[in-house]
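Numbering (the numbering used here), first residue to last: 147 to 368.
Yeah, the Cβ is synthetic: ideal placement off N, Cα and C, and Gly gets one too.
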Amino acid sequence: MKAPLTASPLNPASAIYRRIIEAGDHWAHEIQRGQRFRIVDLEGNQAADTLFYDAHDPANRYSAADTIRHQAALYLTTGTRLMSTEGDLLLTIIADTCGRHDTLGGACYRESNTMRYALDKEFMHACRDSFICAAHSWGADVGKRDITCNINFFMNVPVTPDGRLTFEDGVSGPNRYVEMRAERDVVCLISNCPQLNNPCNAYNPTPIEVIIWEPGANHPAA
Ligand SMILES: [Zn+2]
């Protein structure tokens, strides 16, 4: 079942930060407590692989298992509280015009590309490589061991009635977005998935936009 869609009153013209992340590129940026953070699926059906860390303690990072347990639901959407490994609230999803987002399917990596698709896919760029690049650009002591189960914003990985995971065509569309409020200072790493072998992005990775607003930006009900 798809959750109701929730639009945001925030206007990109009043944002303090806007950046296009091309397909296959990575991004690392701090989002301060109270700031609003939007990710826009510019052309639709893109997978934005995303991780969050406590900006002051990178060992305290996003936990898919704790987030799922906390809300007793598998998909992420408006109202979802993104929890950390230490049980802290990192961000809250406050708007969502896509409907649901995956946090079970994980990020693509070169080994999984060879297992899932073909041996000659090993040399294709993959999300785990991008996450490592993003971690380096952040400069914190974050390495391979810290690239854990991530969020796949805009990605459709339905769970079947008998509990199986399936990768399906996307449920997103052009200019759909998800918006969060940071509940503490966090660092966000994004790998805008370069995957060419998975139907979730229609075999065509496309750019996304990230937008940040200050806490008091034209938001009537904080
Ligand atoms: Zn990927």
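query                                                                                                                                                            : result
So, for Y163: in the same chain, excluding its five sequence neighbours on each side, which residues have a beta-carbon less than 8 Å away from its beta-carbon? : H175, V356, I357 and I358
Would you kindly report the start and end of the unbroken alpha helix (DSSP H) that includes A153?                                                               : Taken as a continuous stretch (DSSP letters only), A153 belongs to no alpha helix (DSSP H), as it is neither H nor E.
Excluding sequence positions up to five away, which residues of its chain have a Cβ less than 6 Å from the Cβ of R322?                                           : D187, T243 and C244
Based on Cα-Cα distance, which residue from S337, A241 and D212 lies nearest to T224?                                                                            : A241
In its own chain, which residues sit with a C-beta less than 6 Å from the C-beta of T152, not counting the 5 before and 5 after it?                              : T224, A241 and D242
With respect to 8 Å, is the separation between the Cβ of A218 and the closest non-hydrogen atom of ligand 1 below this value?                                    : no
Which residues bound the alpha helix (DSSP H) around S283?                                                                                                       : C273 to W284
Looking at the structure shown, is D266 part of a helix, part of a strand, or coil, going by DSSP?                                                               : helix
DSSP three-state call for M301: helix, strand or coil?                                                                                                           : coil
Check whether the Cβ of D195 sits closer than 8 Å to any heavy atom of ligand 1, and report yes or no.                                                           : yes
Does DSSP put R179 in a helix, in a strand, or in coil?                                                                                                          : coil
Can you list, in chain order, every residue whose CB sits closer than 5 Å to a heavy atom of ligand 1?                                                           : C254, C273, C339 and Q341
Does the segment 197-217 come within contact of the segment 275-292, defined as at least 3 CB pairs closer than 8 Å?                                             : yes
Rounded to the nearest angstrom, what separates E168 and L197 at their Cα positions?                                                                             : 17 Å
Is the distance from the Cβ of F299 to the Cβ of I214 below 9 Å?                                                                                                 : no
Go to T196, then tell me how far its beta strand (DSSP E) extends in each direction, as first and last residue.                                                  : A194 to D200
How is the alpha helix (DSSP H) around I293 delimited, first residue to last?                                                                                    : Unbroken run through I293: none, as it is neither H nor E.
Alpha helix (DSSP H) containing A210: first to last residue?                                                                                                     : A210 to Q217
Can you tell me the Cα-Cα spacing of M261 and N338, whole angstroms?                                                                                             : 21 Å
So what's S160 in DSSP terms, helix, strand or just coil?                                                                                                        : helix
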